[in-house]
Amino acid sequence: MSEYDYFITITKTGTGKETKITGNLTCTFSEYDTTSDFLFIPKEESFSLDFNPLTILGDLRCEKISCEYTKRRAFIDRSWEYWLGACRHEYGFEIPLYIGNDYRYIKLMSYLDEITYNNKCITLKELEEIQNKYNLELNCEISAEENDISFALLQSRGKNAKEKTYVPLKYEVGKANKDLLQNTYMNKNHCFSYQCSTMVDVIFAILHFIVMHQYEFKICALCQKLYVKIPNHGQGKFCSRKSPLGSNSYFDERTNKKFKDLDCQKSMKIFHQIMRNRKKIKLRHAPDEEQENTFRNKFDNYNDKIKNVSIVENLIKFYYYVEQYEFQI
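The sequence shown begins at 3 in the numbering used here and counts up by one.
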């Protein structure tokens, strides 16, 4: 066993708007029992964590404090810091994950920033080029959900049994695979499993899943972080991360509560509902038709701009512009 072993499973269930993508990472490593008077005895330890494969590539960072916008991370090759021991862990997951002296990690991150911000999709050919460029390993197994042939028999005997089971498909990386035709597994619930020995391979494994499914890379119009969009999923321009509108007191107390625990997509729907209500209330106090039309035009112009650039600062300006707008009497 290497110093660290990572086992990743990424599962896809449902289709269209009902599609769900979930990820789990299990890390196994050796620690030495230093209580022994004579020899340090290796002791195997492990932990497991869940992650969102659709947002994790935009959350990666080698710093404890998250940057506000992912674009601050783009195109900066700071691999020299690894030689000084400055960057040892990845903090984008639930807990810090050890990187060590693997300078390839930050180089891969910088390269991924470059290609994902300039391309909606990464092709299998580009994926192979990345693998060769950074000497990455990919140990992948694909399983598709099938009916368990023993289910009826076990159930008839009063035993607990699962109706469905995941059956491994024949798959070899970089080769033609007849089992991987879309009608074989893409329209079924399926699972990609990866065995990795470094964090660089972990990130490449997640990228492999995304590329195999031809998902698109997008920048969330609200939090401005990278996310992966599933075709025909109805995600729009916003990601499923917890909305920044719910993490700070930008508005009055009553309005702030409406954004609590919402993701970016749902919080934007709520924001537009709030602004439409504010507009109706404001128009009740318009002294004449001319000023009413003036306000409507200004509101609509501001609203159109917000739809294109929905960052938090613009939403706050829009909100208080309407709140503080006064008609001439």
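All C-beta atoms, glycine included, are put in the ideal place defined by N, C-alpha and C.
Item to check | Residues bridged to G25 [DSSP beta-bridge criterion] | outcome: I12, F53
Item to check | N137 - DSSP class collapsed to helix/strand/coil | outcome: Residue state, collapsed to three classes: coil.
Next on the checklist: Quick check: the segment 118 to 131 against the segment 90 to 106, are at least 3 beta-carbon pairs closer than 8 Å?
Outcome noted: no
Item to check | Spatial neighbours of D52 in its chain, beta-carbon cut-off 6 Å, leaving aside the 5 residues before and after | outcome: The residues N26, in chain order, have a CB closer than 6 Å to that of D52 in the same chain once the five nearest residues on each side in sequence are set aside.
Checklist entry - Which whole-angstrom value is the C-beta distance of L247 and V314, which I expect to be below 8 Å? => result 7 Å between Cβ atoms; contact.
Checklist entry - Among F211, V230, I272, which one has its Cα closest to the Cα of C241? => result V230
Checklist entry - Helix, strand or coil for L86 per DSSP? => result Reliability of the predicted coordinates at L86 is poor, the pLDDT of 46 falling under 50, and no value is obtained from them.
Checklist entry - How far does the alpha helix (DSSP H) with V324 in it reach, from first residue to last? => result Where V324 is concerned, the enclosing alpha helix (DSSP H) stretches over 314 to 325.
Checklist entry - Q275 to M111, Cα distance in whole Å? => result Annotation: Q275 to M111 spans about 38 Å, alpha carbon to alpha carbon.
Checklist entry - Can you tell me whether S269 is buried or exposed, with buried defined as 16 or more other CB within 10 angstroms of its CB? => result By the neighbour-count definition (other C-beta atoms within 10 Å, threshold 16), S269 is a buried residue.
Checklist entry - In this structure, does DSSP put Y252 in helix, strand or coil? => result coil
Next on the checklist: Based on DSSP bridge pairs, tell me the residues matched to T30.
Outcome noted: D7, S48
Next on the checklist: Report the CB separation of I23 from F194 in whole angstroms; it is logged as a contact under 8 Å.
Outcome noted: Contact doesn't hold; Cβ gap of about 10 Å is too wide.
Checklist entry - In three-state DSSP terms, what is N120? => result Under the three-state reduction of DSSP, N120 is assigned to helix.
Item to check | Backbone secondary structure at I208 - three-state DSSP | outcome: helix
Next on the checklist: Let me check understanding here. Comparing Cα to Cα, which of I117, E139, M214 lies closest to H192?
Outcome noted: M214
Item to check | Spatial neighbours of I10 in its chain, beta-carbon cut-off 6 Å, leaving aside the 5 residues before and after | outcome: L27, Y196, A207
Next on the checklist: Please return the same chain residues whose Cβ sits closer than 6 Å to the Cβ of S50, not counting the five positions on each side in sequence.
Outcome noted: Closer than 6 Å at the Cβ level, and outside the excluded window around S50, lie T28.
Next on the checklist: Short of 7 Å in beta carbon distance, which residues of its chain neighbour E20, apart from the five on each side in sequence? Order them along the chain.
Outcome noted: Same-chain partners within the cutoff: there are none.
Item to check | Bridge partners - V169, DSSP secondary structure assignment | outcome: Assignment of beta-bridge partners to V169 by DSSP yields A146.
Checklist entry - Cα-Cα, which of G238, K45, I232, S249 is closest to G18? => result I232
Checklist entry - Can you pull the DSSP bridge partners for F219? => result V230
Item to check | Helix, strand or coil at Q197 [DSSP, three-state] | outcome: strand
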